[in-house]
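Visitor: Handing you a structure now.
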Amino acid sequence: MLSIDNELLEVVGAIAAATPQTPPAIGDWQTRRATIDSVYGALAAAAARDDRIEAADFTVPSSDGHAVPLRMYKPTHAPNALVVYVHGGGLIAGSLDGYDHVCRRYASEAGVALIAVDYRLAPESPFPGAVDDCVAAVEWAIRHAAEHAPGARVAIMGDSAGGGLAAATALVCRDRQIGPLAAQILVYPMLDDRTAIADSAIEPFLAWSVADNITGWQAYLGERYGTDEVPASASVARADSLHDMPSAYLEVGQLDLFCAETVTYAERLMEHGVAVHLSVRPGAIHGFDQFAPGSGLARHAFADRVAFLQSL
Numbered sequence: 001m002l003s004i005d006n007e008l009l010e011v012v013g014a015i016a017a018a019t020p021q022t023p024p025a026i027g028d029w030q031t032r033r034a035t036i037d038s039v040y041g042a043l044a045a046a047a048a049r050d051d052r053i054e055a056a057d058f059t060v061p062s063s064d065g066h067a068v069p070l071r072m073y074k075p076t077h078a079p080n081a082l083v084v085y086v087h088g089g090g091l092i093a094g095s096l097d098g099y100d101h102v103c104r105r106y107a108s109e110a111g112v113a114l115i116a117v118d119y120r121l122a123p124e125s126p127f128p129g130a131v132d133d134c135v136a137a138v139e140w141a142i143r144h145a146a147e148h149a150p151g152a153r154v155a156i157m158g159d160s161a162g163g164g165l166a167a168a169t170a171l172v173c174r175d176r177q178i179g180p181l182a183a184q185i186l187v188y189p190m191l192d193d194r195t196a197i198a199d200s201a202i203e204p205f206l207a208w209s210v211a212d213n214i215t216g217w218q219a220y221l222g223e224r225y226g227t228d229e230v231p232a233s234a235s236v237a238r239a240d241s242l243h244d245m246p247s248a249y250l251e252v253g254q255l256d257l258f259c260a261e262t263v264t265y266a267e268r269l270m271e272h273g274v275a276v277h278l279s280v281r282p283g284a285i286h287g288f289d290q291f292a293p294g295s296g297l298a299r300h301a302f303a304d305r306v307a308f309l310q311s312l
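Anchor point for the sequence shown: position 253 equals 253 in the UniProt record's numbering, and the numbering is continuous, going up by one each time.
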């Protein structure tokens, strides 16, 4: 029988008690954005700030001229890789400040330079705004890697919606011959707009529900949602071919709505000759490492990600 990790259960119970008990209706992205940003803000405020990392804000132009805000994090010693980081938030929420503590920790512990992307959010900016912003960040990172991490390789990383955008960005970079990217690190990624039902065994544990998922994808895809007109650059699970994609680290909780689509994507990457590291965490819900960063489950997961980043 499936059950949530005991350390997670205590923390998630406290968070659930402080949030509205009646879930918002499908399509209500405003309430979801407010809730997500509130939770991320509280988690960021409670996290220890690593001041050993230098951070600097700047912008780069996207393909349509939009100025994309980026934040560069650099360890005090020479970085061994340059990683473009894409935050989560269901395509409708999230910010640089909400992920500042996360990015600082990766840069410090893994010894990488990291560029966080403040991509445009849906529905104000539907597809392809977010992925175009991420591609612009990767192009800048590749052009300037030698200045910030001499001899290092460039990778892309993201969690949740950011994981899906990271995968889509890797696909676009392959198709446009931008790169090469050394790796894609996808943490409980949002990969498939067609996920609109949950296994009954995991439904009671979902921190990101089916209704949440439909709302996020509808906001991002607009009138294309639910049709065959959705391109792979929007929903990477729809890609016909995954040949020549960068090596991949994929991780997901067994109690996550994205578990099946993550495993399926890992299998498809392997079928197309891509090197894959896949971890499915028993007892883990969506966002488990953010909700309970001090738990054994989160510490083991973070150590695995750091080891993969160091291997670059």
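Cβ coordinates follow ideal geometry from the N, Cα and C atoms, glycine included.
Going by the CB atoms, is the gap between Ala-266 and Leu-278 shorter than 7 Å?
Guide: Position 278 of the sequence shown, counting from 1, holds the residue named residue 278. Position 266 of the sequence shown, counting from 1, holds the residue named residue 266. Result yes, Cβ atoms of Leu-278 and Ala-266 sit closer than 7 Å.
Visitor: If you draw a straight line from the alpha carbon of Leu-121 to that of Ala-232, how long is it in whole angstroms?
Guide: Position 121 of the sequence shown, counted from the first residue, corresponds to residue 121. Position 232 of the sequence shown, counted from the first residue, corresponds to residue 232. Roughly 19 Å between the two C-alpha positions.
Visitor: If we require 4 or more residues per run, which alpha helix (DSSP H) segments fall completely within the stretch 83–129?
Guide: 100–110
Visitor: By DSSP, does Ala-149 sit in helix, in strand, or in coil?
Guide: Here residue 149 is taken as the residue at index 149 of the sequence shown, counted from 1. If DSSP states are grouped into helix, strand and coil, Ala-149 belongs with coil.
Visitor: Which one of Phe-302, Trp-217, Leu-8 has the shortest CA to CA distance from Ile-26?
Guide: Here residue 26 refers to the residue found at position 26 of the sequence shown. The shortest Cα separation from Ile-26 among Phe-302, Trp-217, Leu-8 belongs to Trp-217.
Visitor: Roughly how many angstroms lie between the CA atoms of Pro-75 and Ala-152, to the nearest whole one?
Guide: As a first step, residue 75 is located in the sequence shown; it is residue number 75 there, counting from the start. As a first step, residue 152 is located in the sequence shown; it is residue number 152 there, counting from the start. Whole-angstrom Cα-Cα distance: 14 Å.
Visitor: Which of helix, strand or coil does DSSP assign to Tyr-225?
Guide: For the purposes of this step, residue 225 is identified with residue 225 of the sequence shown, where counting begins at 1. Collapsing the DSSP output to three states places Tyr-225 in coil.
Visitor: Tell me whether Thr-262 is buried or exposed, calling it buried when 16 or more other Cβ atoms sit within 10 Å of its Cβ.
Guide: One-based indexing of the sequence shown puts residue 262 at position 262. Result: buried.
Visitor: Compute the Euclidean distance between the alpha carbons of Val-135 and Cys-173, then round it to the nearest angstrom.
Guide: Within the sequence shown, the letter at position 135 stands for residue 135. Within the sequence shown, the letter at position 173 stands for residue 173. If you take the alpha carbons of Val-135 and Cys-173, they lie about 7 Å apart.
Visitor: Determine the contact status of Asp-5 and Leu-297, defining contact as a CB-CB distance below 7 Å.
Guide: Position 5 of the sequence shown, counted from the start, is the residue given in the question as residue 5. Position 297 of the sequence shown, counted from the start, is the residue given in the question as residue 297. It is a contact, given that the beta carbons lie within the stated cut-off.
Visitor: Which residue's Cα is closest to the Cα of Ser-311: Val-112, Ile-142, Leu-242, Ala-44?
Guide: For the purposes of this step, residue 311 is identified with residue 311 of the sequence shown, where counting begins at 1. Among Val-112, Ile-142, Leu-242, Ala-44, the Cα nearest to that of Ser-311 belongs to Val-112.
Visitor: Does any residue of chain B bring its CB to less than 7 Å from the CB of Val-187?
Guide: Judged by its chain identifiers, the structure shown contains no chain B, having just a single protein chain.
Visitor: For Glu-7, which residues in the same chain have their Cβ closer than 7 Å to its Cβ, ignoring the five residues on either side in sequence?
Guide: The count along the sequence shown starts at 1 and reaches residue 7 at position 7. The answer, listed in chain order, is Ala-292, Ser-295, Gly-296, Leu-297.
Visitor: Within 10 angstroms of the Cβ of Ala-196, are there 16 or more other Cβ atoms? Answer buried if so, exposed if not.
Guide: Numbered from its first residue, the sequence shown carries residue 196 at position 196. For Ala-196, the number of other beta carbons within 10 angstroms of its own is below 16, and it is reported as exposed.
Visitor: Considering only residues of the same chain and omitting the five flanking positions on each side of Leu-114, which have a CB-CB separation below 7 Å?
Guide: Reading the sequence shown from its first residue, position 114 is the one you call residue 114. So the qualifying residues of the chain are Tyr-73, Val-83, Tyr-85, Cys-103, Tyr-106, Ala-107.
Visitor: Check each candidate in Gly-90, Leu-309, Glu-139, Tyr-99 and name the one with the smallest Cα separation from Ala-47.
Guide: Within the sequence shown, numbered from 1, the residue matching residue 47 stands at position 47. Looking at Gly-90, Leu-309, Glu-139, Tyr-99, the one whose alpha-carbon comes closest to that of Ala-47 is Tyr-99.
Visitor: What is the DSSP secondary structure of Arg-52, reduced to helix, strand or coil?
Guide: Within the sequence shown, numbered from 1, the residue matching residue 52 stands at position 52. Looking at Arg-52 - three-state DSSP - the assignment turns out to be coil, as it is neither helix nor strand.
Visitor: Looking at C-alpha atoms only, which residue of Pro-150, Gly-65, Leu-165 is the closest neighbour of Val-131?
Guide: Reading the sequence shown from its first residue, position 131 is the one you call residue 131. Checking every option, the nearest Cα to that of Val-131 belongs to Leu-165.
Visitor: In whole angstroms, what is the alpha-carbon distance linking Cys-259 and Val-280?
Guide: For the purposes of this step, residue 259 is taken as the residue at position 259 of the sequence shown. For the purposes of this step, residue 280 is taken as the residue at position 280 of the sequence shown. Looking at the two C-alpha atoms, the distance is approximately 8 Å.
Visitor: Since His-286 and Trp-208 are thought to touch, with beta carbons under 8 Å apart, how far apart are those beta carbons, to the nearest angstrom?
Guide: Walking along the sequence shown from the start, residue 286 turns up at place 286. Walking along the sequence shown from the start, residue 208 turns up at place 208. His-286 to Trp-208, Cβ: 4 Å. Contact.
Visitor: Could you give the distance in angstroms between the alpha-carbon of Tyr-249 and the alpha-carbon of Glu-223?
Guide: Here residue 249 is taken as the residue at index 249 of the sequence shown, counted from 1. Here residue 223 is taken as the residue at index 223 of the sequence shown, counted from 1. Answer to the nearest angstrom: the Cα atoms are 32 Å apart.
Visitor: Report yes if the C-beta distance between Glu-139 and Ile-185 is below 7 Å; otherwise report no.
Guide: If you number the sequence shown from 1, residue 139 lands on position 139. If you number the sequence shown from 1, residue 185 lands on position 185. Going by C-beta atoms, Glu-139 is not nearer than 7 Å to Ile-185.
Visitor: Name the one or two DSSP bridge partners that Thr-59 has.
Guide: Residue numbering aside, residue 59 sits at position 59 when the sequence shown is read from its first letter. Here Thr-59 is bridged, per DSSP, to Pro-69.
Visitor: Here's the rule I'm using: 16 or more other beta-carbon atoms within 10 Å means buried, otherwise exposed. How should Phe-58 be labelled?
Guide: Residue mapping note: residue 58 aligns to position 58 of the sequence shown, counting from 1. Phe-58 is exposed by the Cβ-count criterion.
Visitor: Could you check whether the stretch 239–247 touches the stretch 48–57, counting it as contact only if at least three pairs of C-beta atoms, one from each stretch, sit closer than 8 Å?
Guide: no
Visitor: Start and end of the beta strand (DSSP E) containing Gly-253?
Guide: On the sequence shown, position 253 is the one that residue 253 refers to. Per DSSP, Gly-253 belongs to the beta strand (DSSP E) from 247–255.
Visitor: Among residues of its own chain, excluding the 5 on either side of Ala-239, which ones have a beta-carbon nearer than 7 Å to its beta-carbon?
Guide: Against the sequence shown, residue 239 aligns to sequence position 239. Closer than 7 Å at Cβ, skipping near neighbours: Leu-171, Ala-232.
Visitor: State the Cα-Cα distance for the pair Arg-71 and Ala-219, rounded to the nearest angstrom.
Guide: In the sequence shown, counting from the first residue as 1, residue 71 sits at position 71. In the sequence shown, counting from the first residue as 1, residue 219 sits at position 219. Distance between the alpha carbons of Arg-71 and Ala-219 is about 26 Å.
Visitor: On the DSSP bridge assignment, give the partners of Gly-287 in chain order.
Guide: For this step, residue 287 is matched to residue 287 along the sequence shown. Paired residue(s): none; Gly-287 is not in a bridge.
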